[in-house]
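Chains as they are written, first to last, in the numbering used here: chain A, 7 to 321; chain B, 7 to 321; chain C, 321 to 600; chain D, 321 to 600; chain E, 9 to 310. Every residue gets a Cβ at the ideal spot worked out from N, C-alpha and C, and that includes glycine. Please read the structure below before turning to the comments.
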Amino acid sequence: MKGVRLGDLQVLWIGLVLVALLAAFSILAPTTFPTSFNLLNLVSDAAILLLLATGMTYVIITAGIDLSVGGVLVFSAVAAAEVMDATGSLALGTLAALVTGLAWGVLNGVLIALGRIPALIVTLGTLGMSLGGALLLTGGVDLRAPTDLNLGLGLARWLGVPLIAWICAAITAALALVLAWTRFGRHTYAIGSNAEAARRGGVAVRRHLVKVYGLAGLLAGLAGHLSLAKYGITGVSAHSTDNLQAIAAVVIGGTSLFGGVGTVAGTVIGVFIPVVLQNGFQILGVRPFWQQVVVGAVLVAAVYVDQWRRRARDQ
Amino acid sequence: MKGVRLGDLQVLWIGLVLVALLAAFSILAPTTFPTSFNLLNLVSDAAILLLLATGMTYVIITAGIDLSVGGVLVFSAVAAAEVMDATGSLALGTLAALVTGLAWGVLNGVLIALGRIPALIVTLGTLGMSLGGALLLTGGVDLRAPTDLNLGLGLARWLGVPLIAWICAAITAALALVLAWTRFGRHTYAIGSNAEAARRGGVAVRRHLVKVYGLAGLLAGLAGHLSLAKYGITGVSAHSTDNLQAIAAVVIGGTSLFGGVGTVAGTVIGVFIPVVLQNGFQILGVRPFWQQVVVGAVLVAAVYVDQWRRRARDQ
Amino acid sequence: MAVPLIAARGIVKSYGQVEALRGADFTLRPGEVVALIGDNGAGKSTLAKILSGVERPDAGTVEVDGEPVAFGSAEEARGAGIETVYQDLALCADLSPAANFFLGRELLRPGLLGLLGVLDNAAMRRATREACERLGVRLASQTAPVSGLSGGQRQGVAVARAVTWARRAVFMDEPTAALGVVQTRRVLDLIRGVRDSGVSVVLISHNMQDVMAVSDRVEVLRLGRRVARFETARVSMEELVGAMTGALETRDGDGEPDGSGPGGRDGSGSGQGLGREGGV
Amino acid sequence: MAVPLIAARGIVKSYGQVEALRGADFTLRPGEVVALIGDNGAGKSTLAKILSGVERPDAGTVEVDGEPVAFGSAEEARGAGIETVYQDLALCADLSPAANFFLGRELLRPGLLGLLGVLDNAAMRRATREACERLGVRLASQTAPVSGLSGGQRQGVAVARAVTWARRAVFMDEPTAALGVVQTRRVLDLIRGVRDSGVSVVLISHNMQDVMAVSDRVEVLRLGRRVARFETARVSMEELVGAMTGALETRDGDGEPDGSGPGGRDGSGSGQGLGREGGV
Amino acid sequence: GQSGQSGGGGQTRVTLVQGLAGEEFYETMACGAKAKAKELGVALDVQGPQKFDPTLQTPIVNSVVASKPDAMLIAPTDVKAMIAPLTQAKQQGIKIILVDTVVEDPGIGLSRISTDNVKGGAAAAKALAEQIGDKGKALVISTDPGVSTVDARIKGFEQEIKASHPGITYLGVQYSHNDVGEASKIVNAALAKDPDLAGVFATNLNSATGAGSALQQAGKLGQVKMVGFDAGPAQVKQLKDGVVQALIAQLPGDIGAKGVEQAVAAVKGQQVTPSIPTDATIVTAQNVDQPEVQKILYKAGC
Ligand SMILES: Nc1ncnc2c1ncn2[C@@H]1O[C@H](COP(=O)(O)OP(=O)(O)OP(=O)(O)O)[C@@H](O)[C@H]1O
Ligand SMILES: Nc1ncnc2c1ncn2[C@@H]1O[C@H](COP(=O)(O)OP(=O)(O)OP(=O)(O)O)[C@@H](O)[C@H]1O
Ligand SMILES: O[C@@H]1[C@H](O)[C@H](O)OC[C@H]1O
Ligand SMILES: [Mg+2]
Ligand SMILES: [Mg+2]
C-alpha cells in the first residue's frame, strides 16, 4: 500500500517540521510556550478542527472535496441547541447533532455520486444551504448551550486532558486505522486513484462515495456538538473558513488533491502546524497582522522543506 | 480542440440555464428585474469578479488553484491608494496596482513551478501574506480612493454602460480568444491535461506556469484598482471569499478542477448565475437567510441540469 | 450444438459523432478460445467493454446461456463469472500490485479483525506474487505502487488477476502487447490451460501467430461490424489479414472515402461479410 | 569506424529501493537501426527515457557525437534532433490528435495573427491526418480528443509524431504494441525509410520477428545491464531469447533467487555478458 | 513586537485583547492604551481576532494566558461564552480589566470601563426621532446579541422609542456580526422589503459604516435618516456627505488609557475602581468641525 508505506515517510518529514517549530517556540519562549497549560489549550483548540480534517482526508483521498463542513458544523450545533432547549435532554441533543450532520453528508454524497455533479459545486451549495438553514432556525443570532453541557462536557477533563480532546483523538486514531488497514480504506484509495478501474474491479463506487461524504458529515455534526459544548455558543459566523482550514491541513499532511494518496497521520500534523504557528506567534506577542503574514510564509516554507526532502529521497 | 469544441457545447447548456433564470425572474418581477437599471447594476457588480474568474480559469485549466486572489486584490488596492496618496498621480496608482498584482502572481508561480509546492498551499500562504501585508500597510482600516478616481473612473459610462464593465468585458473577451486560439492557450490546456507529456513534448512547463499565475495576479491587481475606483475604499475585509466565488464560477462554467478542459465563455456564465440568483431573489424580496439556502439549491440544480444534458448527448 | 455462453446481436454503440459499433454480432461457446480480430479502431475494445458490463450498448441484445441480460455494471458481469483484461489495464496506479490484484475481493484477516474489515495484506501479497510468477513476471517490490512498474509488469498483473478470478469466461484485450517473449508464451499456455479447465477465452490480438497458435475460432470485426468467422484450423494468416482489411471482399472493395472512420460509411457490406463465414 | 551518434556508459538509475539500471552501456551509430531488447523490467524504457532527457541518471556518462552531454530536459534532446515514442505514449488525453502531434511546435497563422501567437489549426489538422494515414491509421474525427481514440490509433499518433520531427535519431519504445497487422508493417517500412534518410532508430520491442526483420544490430539488456550485442544478420532468434533470459549464459546461470527484480542481485555477470558480444 | 518571556523582574506586562483587530474603535483604544503604557513604563501587547466572535477570541485569550502577563485588558465578544476562558485566566493570577464590553459573571473584571450605553441608546433614539419627524419605520443594525454594550444601546433605544415616540414603527434588530459587508447586505435587503423605511440606528462602528454605504449605493440619501454609534473616519465622511445625520462618539482612547491605569494599580496591589463610566458626545454636521469634537473622532492608527 503506497498510502501506508509512503505515508509513513511523508509523515516523518512533515512531522520533523512540526517538531522543529515546537522546538523553536520553546527556545524563544521557554517559560510560556512549552507549558502543559499552553500545550493543552493548543491541543483542545485543535481538537475540533481535527475531526473536520479527518473527514476531509477521506473525501480528498477519493479525489473529492467538501466545502460544506463549516456550515454543517453550525447547523448541527444549532439543531443540538434547539433540541436540548426543547427537550432538556443532552443525549437527544447529541443525537440531533449527529443525525443532522450525517444527513447533510449523505445528501452531499448522493448528489455527487448519483447526480454526478462536481463535489465542489455540491458542497458549495450545501454550505450555503446549511449555513442559511442554521441562520433561519436561529434568526441569525447565536444560540447558547445549556449550562450543564457547557460546564459539563465543555470543561470535563480526564487525566488532566480535556475530554473533548480525548474524544477527538480517539475518533481520529480509529479512522486512521480504518483508512490504513481495512477494506473500507482500501476502496477509498482505489476510488481516488482511478475511479473507473475501481468500478471495473467491482468496487461499489457510488455507494462508497455516499459513505465517505456521510462520514465527513457525521464528523462535522459531532464537531458542531463539541464546539457547542466547548464555546457555549453555536458560532453561526465563525466557521466560514473551516473548510479551507481543514483542506489546508489535509494537503499540508501530504494528501494529494488529485486523490489516491494520503494518511490521517499526515493530516494530524497538518492540523497542528498552523495551530502551533498561530499560538507561538501570539505568545511571542507578534501583532495580529504580522501573524497572518508570517504564518503564510512559514506554511509555504514548511511544505517546501517537506517536498524537498521527499524529492531528495526519491532521486 | 476539445477545449473549444466541447466547451462550446458546455457553454450552450449552462448558458441555457442562465437564460432560463433570467426569463424566470423577468416573469416573476416584470417591472423591476428586467430593467436596464437593474441589469446594468448586475453587470457592473459582476465585472470585477469576472476578472478574477478569468485568471482562475487559466489557473484551473493547468490543474492548479489560486486561493490568493482576494488578498492580492486588496493588497493592490492598498498599494494603489497609497501611491496615489503620496504622488497624487492616478496613473502611478494604476501602475502600482498592476505591478504589485503581477508580483504576487509571479511569486505564486515561482513557488509552485520551481519550488514544486502544491498550489493550494502556496496560494493559501500568499493569501495570508498579502492580506496581512495590506492590513499592515493600512493599520487594518480601509483606505479611501482619491475623489477624482472614485468619481472619475468609478462613475464613468460609455454608451450608458459603466466604463469598468467595458474594461472587464474587453479583457475577458481577449483572454477568451487567447485561450481558445493561441499557442499560449494550447500550452495551458496541455499542461493541465498531462504535464509530463507537455514537458516531454518540449513545452516549457515551469515558465508557462509562472506566466499563468502571473496573469492571474495581474488580473487581481487590476481588479483591486477597479474595485478601489468603484467602491471608493480598499475593502480590506470584504474579499475573504473572493477565491471561492471565482473558483465556483469557473467550475459552474464547466472547467474541471483536474485540469485540461474549460473555457472562458463558460466562466462568464458561471460568474453570472450566482449573481443573477442573488439579485433576483433580493428583488423578489426573499429573506436573506432564505436567499443563501435557495441560491445553494439552485446552484446545484443548475449544474445538475448541465451535467445531465451533457451526459445525454454523450451517450 | 450447445447453447452459446455469450451471444451478442446487432450491438450498436456511438460516442458523440463516432459510431464505434454499427450492429456487431458475436458468439462465444463454452470451453472455446475465440480470437476477436480487426483493424485499429474496428471496435474490438468497445465490444469487449460492452460484453463485460463496463459500457452499455445503444442497441442490440446480449444473451448469456441463452437468457437475455443487460449488464448494468462490471460487477454483474463478474457475478456471472466473466472477467476482463482491459486494453488500458484499469489498474489503480497508486495502489500496490496486490491491492490491484484483489481489488473488490480483498482478503480479510481471520476472526474478529476480519469482521472489522481488516485486510490480510500478507496473504494478498503472497498470492499476487505467486500468480505473477506463474506468468514469468517478477515484481521488484511488492509494496511499491503500480505506477512504478514497467509496462510488461503492469500487464502481467492485469492478466494474472483476470485469469485467477474467471469462472466462465475471460476477455483478454491484447493481453501480451507489452509482455516479453517468455511471458507471452506463458500467457498463451495459460490460455490453453484455462480453456481446458472449462473457462471460455476471448482473445483480442493483433499478433496473427498467437491467434493461430491458440484459438479455436476467429471472429473478425471491421468498421464496427462482424464481417467474417473462421475455424482457426481451416484458415490461413493471409485470409485473416484479408478479412480484417477488407481486401478479400472484392464486392465491398477497399475504395472507402479517404480518412473516414467507422462512422463515415453507410450500412452496406455486412451481408457479404457474413457470407464468408468459415462454416462454423 | 565513425564516432557513435550516442554512446552511453555505466548508466545507473534507481527508484527508491529498485535499481532499474545497474551500469548499462549503449551505443547507437549514425544511420543504423538498433534493436534494444530485454525481458520485462530489464530497464529498456528507463534507458530510453534517460537518453531522451526525460530522466536523469544517478551515474554514468552519455556522449553525443563524441561530446559528453547531460540532457537536462526533453527539450535539449529534441534540440539535438532526438525524438522518442514513449511506451506510455505521453499524449495529452484532452487534446486533439493534431494538438498532440504539434505539441511544443505549433504552427502559427501567417502574418500578424501569427505574431500574436494564433494557431493555424487547419494546417495542423491536415498535416496530422496525412502523417497518420501514411501509417494506415485512420482517425474517425480530427477534433475529438485523444481520450476517445482506440489504443492503436493513439499509438499511431505518437509514432507519426516522433518520426516526423526526428533529425538525428528516434527512440521507439514498443511502437507497434497496439498496432494492427497492416499498421505494424507500415511502421517497419517507415523505420527502414527513416534509416535510409540518415536518421538512426532505436527499436525497443518484444517481437523478435520484427527485430529480425528491421534491425541492423541488437543490444540486449538484462537486469539493468547490457549483457550482449549482436549483428542481426549473424544471430538467431533462439540466441536472442537466450541472451534476454540469461539461459545462454551458463556461467551466470539462471538460478536467481526467486522473485527478485533488477534490484535484487549483486554486481556479478556483466563481464560475461559483454564477453558474448556478437563481434560488432 | 515584544518578547513573551516573563522577565521575572521589573517591568509590568499588560496585554490588550481587542474585540476585533483593525476596527477603528479598538485601534483608537489601543492607541490610548499604548500612550498610557509608555507614560507608566509598562510593556503592552495588543492582540485581537480577525472576526468578532468568541470562538475566535477564546484561543487568543488562552495563548495570552499562557504567556503570563501581569494583567489583561479585554473587550469580551460575548457575555457568556467568554466566561470560561476568562475564569481560567483569573485562576492563573492574571489581573483582568474589562474594557468596553463585559461578561455576565460579576466576579470577572477588577474594573469595568465603558460608556453608559443605555443612555447612549436613548440619545440615539431621540436624535433619530427628531430627524424623521417622529413617524415612520425604524430599523436597528447591531453586531451580535450577547454583546453587553450594543445590547445596552438597543435596550436604551427601544425604551426611549416605546416611551416617548408612538408614531415610530419599530422594525426590530438585525445582526451583522460586526462585519461591514454583512451590515450593508442587511440594509439592502431591508430597503427592498420596506421601501418606505424612514430611519436606521446602527449600534456600532462597522454596522454603521456598512449601513451607510448601503444607503449611499441605493441612492436613498436624505430619504432614509441614520444615526450611528461611534465616529470612525468612514462614518465621519458619511456624516459630511449627508448619508448619516448624527454620530454618538465614545472615548475609546480614554477607555484604553484608563484600562492601563487600573491594570497597573491592580498589579501593584493599589486601589482599583470597580466601574468607570466614560463620556459620549453627539456629533452632527454642525459641530463636527469644532476642534473639541475633532479631538474625539477615532483614528485609524497612532
Ligand atoms: N470513449 C470514447 N469516446 C469517443 N470515441 C471512442 C471512445 N471509445 C472508442 N471510440 C471510438 O470508437 C472506435 C472503436 O474503438 P475501439 O477502441 O473499440 O477500437 P479497437 O478495435 O479496440 O482498436 P485497437 O485495435 O486500436 O485497440 C474508434 O474510432 C474510437 O475512436
Ligand atoms: N518511476 C518508477 N518508479 C519506480 N520504479 C520504476 C519506475 N520506473 C521503472 N521502475 C522499475 O525499474 C525497472 C525497469 O523498468 P523499465 O520500465 O525500464 O523496464 P522495461 O525494460 O521497459 O520493461 P517492459 O518490457 O516491461 O516495458 C522495473 O522493475 C520497474 O519496476
Ligand atoms: O463599543 C464598541 C464599539 O461600538 C465597537 O465598534 O463595537 C463593539 C462595541 O462594544
Ligand atoms: Mg482496442
Ligand atoms: Mg518498457
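Heavy atom of ligand 7 within 7 Å of residue i beta-carbon
i, result
"E/Asp187", "This structure simply doesn't include ligand 7; it includes ligand 1, ligand 2, ligand 3, ligand 4 and ligand 5 instead."
Proximity test, Cβ basis, 8 Å: residue i and chain E
i, result
"B/Asp148", "yes"
"B/Ile289", "yes"
"A/Gly241", "yes"
"B/Leu73", "no"
"A/Arg293", "yes"
Nearest-angstrom Cβ-Cβ length linking residue i and residue j, presumed shorter than 8 Å
i, j, result
"E/Val291", "E/Ala254", "7 Å"
"A/Val80", "A/Thr240", "6 Å"
"D/Gly544", "D/Ala340", "6 Å"
Contact with chain B by residue i, beta-carbon distance below 8 Å
i, result
"A/Arg212", "no"
CB contact check: residue i to chain C, cutoff 8 Å
i, result
"D/Val359", "Residue 359 of chain D is actually Asp in this sequence, not Val. Taking Cβ atoms only, chain C reaches closer than 8 Å to D/Asp359, which makes this a yes."
"A/Asp312", "no"
"A/Tyr195", "yes"
"D/Thr504", "yes"
"D/Asp572", "Its pLDDT being 33, under 50, D/Asp572 is placed unreliably in this model, and the coordinates cannot settle the point."
"A/Val218", "no"
"D/Thr565", "yes"
"A/Ser42", "no"
Neighbour flag for residue i against chain D, beta carbons, 8 Å
i, result
"C/Met528", "yes"
"C/Val374", "no"
"C/Gly472", "yes"
Short CB-CB distance (under 8 Å) between residue i and chain A
i, result
"B/Thr132", "yes"
Taking the runs of the alpha helix (DSSP H) that are 4 residues or longer, which of them lie wholly in the segment 267–315 of chain A? 270–289
Could you pull out every unbroken beta strand (DSSP E) segment of at least 3 residues lying fully inside the segment 431–460 of chain C, listed in chain order? none
Continuous beta strand (DSSP E) assignments of at least 3 residues falling wholly in the segment 497–582 of chain C: 520–524, 537–542 and 545–551
I want to know whether the segment 305–316 of chain B touches the segment 119–139 of chain A - three or more CB-CB distances under 8 Å. yes
Quick check: the segment 201–218 of chain B against the segment 66–73 of chain B, are at least 3 beta-carbon pairs closer than 8 Å? yes
Members of the segment 185–211 of chain E near chain B, C-beta cut-off 8 Å: Asp187, Val188, Gly189, Lys193, Ile194, Asn196, Ala197, Ala200 and Lys201
Any chance the segment 485–503 of chain C sits against the segment 515–524 of chain C, with 3 or more Cβ pairs inside 8 Å? yes
Under 9 Å, CB to CB, which of the residues in the segment 60–72 of chain E have a partner in chain A? Phe60, Asp61, Pro62, Thr63, Leu64, Thr66, Pro67, Ile68, Asn70, Ser71 and Val72
Note down, one range per segment and in chain order, each alpha helix (DSSP H) of at least 4 residues found wholly within the segment 236–269 of chain E. 241–248
Does the count of Cβ pairs from the segment 246–253 of chain E and the segment 114–122 of chain E closer than 8 Å reach three? no
Fully enclosed by the segment 118–184 of chain E, which alpha helix (DSSP H) runs are 4 residues long or longer? 125–139 and 156–172
Which residues, in chain order, does the segment 486–502 of chain D contribute to contact with chain C at a C-beta distance below 9 Å? Asp493, Glu494, Thr496, Ala497, Ala498, Leu499, Gly500, Val501 and Val502
With three or more beta-carbon pairs closer than 8 Å as the criterion, would you say the segment 286–295 of chain A touches the segment 30–50 of chain A? yes
Quick one: complete beta strand (DSSP E) runs, 3+ long, within the segment 328–381 of chain C? 338–348 and 353–358
Whether or not the segment 269–286 of chain B and the segment 107–116 of chain A are in contact is what I'm after, with contact meaning three or more pairs of Cβ atoms, one per stretch, closer than 8 Å; do they touch? no
With 7 Å as the limit, tell me which residues of the segment 135–147 of chain B have their beta carbon closer than that to any beta carbon of chain A; keep them in chain order. Met135, Leu137, Gly138, Gly139, Leu141, Leu142 and Gly146
Are the segment 395–409 of chain D and the segment 372–381 of chain D touching by the rule of at least three beta carbon pairs closer than 8 Å? yes
Would you check if the segment 80–92 of chain E and the segment 106–116 of chain E touch, i.e. whether three or more CB-CB distances between them fall below 8 Å? yes
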